[in-house]
């Protein structure tokens, strides 16, 4: 994965953001990581609206890792919005959830998520998942 390629984390839980960032760093990843605290901010970020208009500071991500269960606009709604934007629909999205129900997994697939990952509870597992996600997208980008 190109070191300058931004990853966007969309997560409303401050603790999960903290642990994701920590695992991200411990995984040895040097990609810029941007965080949107909810679905509304994710849409604003991706559309370059308001505070996110500066694309130098807030570049289009090459990968989105997004929680499903968020207030107001959930991850499924953001994913559906994203897939209806020709200029953005190519961005791979990994859905994160504490739920492992088949209906959530199926809905994520139907909306075009590249992967669905149940949130781990331990830091080592999150670190391993971060590494797998990035290695996978690195491999995919080399095949293009």
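In the working numbering, the protein residues as written are 2 to 145.
Even for Gly, the Cβ is constructed at its ideal location relative to N, Cα and C.
Since the structure is predicted, the reported quantities are computational estimates derived from the model, not experimental observations.
Going by the CB atoms, is the gap between residue j and residue i shorter than 8 Å?
i, j, result
"residue 131", "residue 6", "no"
"residue 13", "residue 72", "yes"
"residue 79", "residue 43", "yes"
"residue 104", "residue 119", "no"
"residue 98", "residue 70", "yes"
"residue 64", "residue 8", "yes"
"residue 35", "residue 59", "yes"
"residue 112", "residue 84", "yes"
Under a three-way DSSP split, which group does residue i fall into?
i, result
"residue 101", "coil"
"residue 89", "coil"
"residue 17", "helix"
"residue 29", "coil"
"residue 56", "coil"
"residue 22", "helix"
"residue 110", "helix"
"residue 49", "coil"
"residue 125", "helix"
"residue 73", "coil"
Report yes if the C-beta of residue i is less than 7 Å from at least one heavy atom of the ligand GDP; otherwise report no.
i, result
"residue 116", "Among the ligands in the structure shown, none appear at all, so the ligand GDP cannot be discussed."
List the DSSP bridge partners of residue i.
i, result
"residue 116", "95"
"residue 37", "11"
"residue 64", "8"
To the nearest whole angstrom, what separates the beta carbons of residue i and residue j, a pair I think is in contact under 8 Å?
i, j, result
"residue 115", "residue 87", "18 Å between Cβ atoms; not a contact."
"residue 74", "residue 40", "3 Å"
Relative to the C-alpha of residue i, which candidate in the options has its C-alpha closest?
i, options, result
"residue 207", "77, 128, 82", "The shown model of the chain, from 2 to 145, leaves out residue 207, and the question about it has no answer."
"residue 66", "16, 129, 21", "21"
"residue 89", "32, 38, 136, 48", "48"
"residue 45", "11, 91, 123", "11"
"residue 38", "68, 117, 136, 91", "68"
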